[in-house]
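These notes are about the structure you will find just below.
Residue numbers (the numbering used here), protein chains in the order written: chain A, 3 to 159; chain B, 9 to 168.
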């Protein structure tokens, strides 16, 4: 009797979970508009830009995708099928842009990290040079100075 | 005495190099005064030949001009709205009206874009205020926020 109740409870919980998952998946599909696809692609482009990559061509593609959304929105009432076609093209461009931007950010050391590394490396090198200058430059200077004047004769008045 | 002078001169040169290195890194990474701009141009893409009279239901050609100098790529939306003389709009408050049209752009830092647009009024009125507000997409909040930039045009709209 207890086992039967447990099974019923388990079945109820499973059903609840399945319904919840289906509902959330359906909601996610509904909320994915052409504009939200471009917004997501833009976030990927910004991540690549922050990493120091040149994203001018990706921006141009995003602008094309947004242009199609602008056109589609303008004709949506009079030509829904034509508008949908434009929205689909826009989504395809946005997906390509997102893939390219994510590919950039995943490809090894970013230019921003490299620039930071150059800065730190440069400052460390300058610091080392300062220590060397402080301790050894006067000695080196006088050594060179006496060598260059090895043949000189000093007259005393 | 001379040793101290030699040391000071050499260390001074190294300090100048270090400051130059840090300065270059800083100025490459930052834009001093970020701004966005929106403007409305006449039918020929110039700052003239603006219509002052419009007939209801007739198409008028204008050009929308957007500039990005935010120091980063930007995604913009320009909302075309209608108001009148008493409508309030400023750098912090957008016009309290629903958009009659929306135009979207994506621009790289330092980029600008001119888009030909068609304006058509649906009702008559004196001093109809056509407003184009510039909104930017904020990736941190995932929302569209008003940039404080707008352009406007006053026309008298009549019925044919």
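A virtual CB, placed ideally from N, CA and C, is assigned to each residue, including glycine. A quick note: this is a predicted structure, and the numbers were derived from the prediction, not measured.
Taking the CA atoms as reference points, residue 112/B sits about 4 Å from residue 85/B.
In this structure, the beta-carbon distance from residue 73/B to residue 45/B falls below 9 Å. In the displayed model, residue 42/A falls within a helix according to three-state DSSP.
Excluding residues up to 5 positions away in sequence, 84, 85 lie with their Cβ nearer than 6 Å to the Cβ of residue 77/A in the same chain. The count of Cβ pairs closer than 8 Å, one atom from the segment 16 to 35 of chain B and one from the segment 104 to 124 of chain A, reaches three, so the stretches are in contact. When only Cα atoms are considered, residue 103/B and residue 156/B end up about 11 Å apart. Residue contact with chain A for residue 140/B: absent (no Cβ-Cβ distance below 9 Å to any residue of chain A). Between residue 75/A and chain B, the shortest Cβ-Cβ separation is below 9 Å. In the DSSP assignment, residue 72/A is bridged to no other residue.
It is roughly 57 Å from the alpha-carbon of residue 70/A to the alpha-carbon of residue 130/A. Residue 149/B sits in coil when the DSSP states are folded into three classes, being neither helix nor strand. At a cut-off of 9 Å between beta-carbon atoms, residue 15/B makes contact with chain A. Residue pairing by DSSP places residue 69/B opposite 126/B in a beta bridge.
Taking 9 Å as the cut-off, the Cβ atoms of residue 63/B and residue 168/B count as close. Against residue 51/A, the close residues of chain B are 80, 81, in the order they occur along the chain (beta-carbon pairs closer than 7 Å). For residue 61/B, DSSP records a beta bridge to 164/B. Residues 85, 88, 89 of the same chain have their beta carbon placed closer than 6 Å to that of residue 74/A, with the five preceding and five following residues left out of the count. By the neighbour-count definition (other C-beta atoms within 10 Å, threshold 16), residue 53/A is a buried residue. Pairing residue 57/A with residue 81/B gives a Cβ-Cβ distance under 9 Å. DSSP places residue 132/A inside the alpha helix (DSSP H), whose first and last residues are 113 to 150.
With contacts defined as CB atoms closer than 9 Å, residue 158/B and residue 96/B fail to qualify as a contacting pair. Using a Cβ distance threshold of 9 Å, residue 100/B and residue 154/B count as a contacting pair. Residue 95/A carries a helical assignment under DSSP once its states are collapsed to helix, strand and coil. In terms of beta-carbon proximity, residue 90/A stays away from the interface with chain B, with every pair separated by 9 Å or more. Counting only residues of its own chain and dropping the five nearest sequence neighbours on each side, residue 95/A has a CB closer than 7 Å to the CB of 63, 66, 67.
In this structure, the beta-carbon distance from residue 161/B to residue 70/B falls below 9 Å. Within the segment 90 to 123 of chain B, 109, 110, 111, 112, 113, 114, 115, 116, 117, 119, 121, 123 place their CB atoms closer than 9 Å to a CB of chain A, listed in sequence order. The three-state reading of DSSP puts residue 110/B in strand, counting E and B together. When the five nearest sequence neighbours on each side are left out, the beta carbons in the same chain lying within less than 6 Å of the beta carbon of residue 47/A are those of 57, 60, 103, in order along the chain. Between the alpha carbons of residue 79/A and residue 93/A lies a gap of roughly 20 Å.
Residue 77/B is positioned such that its CB atom lies no closer than 9 Å to that of residue 133/B.
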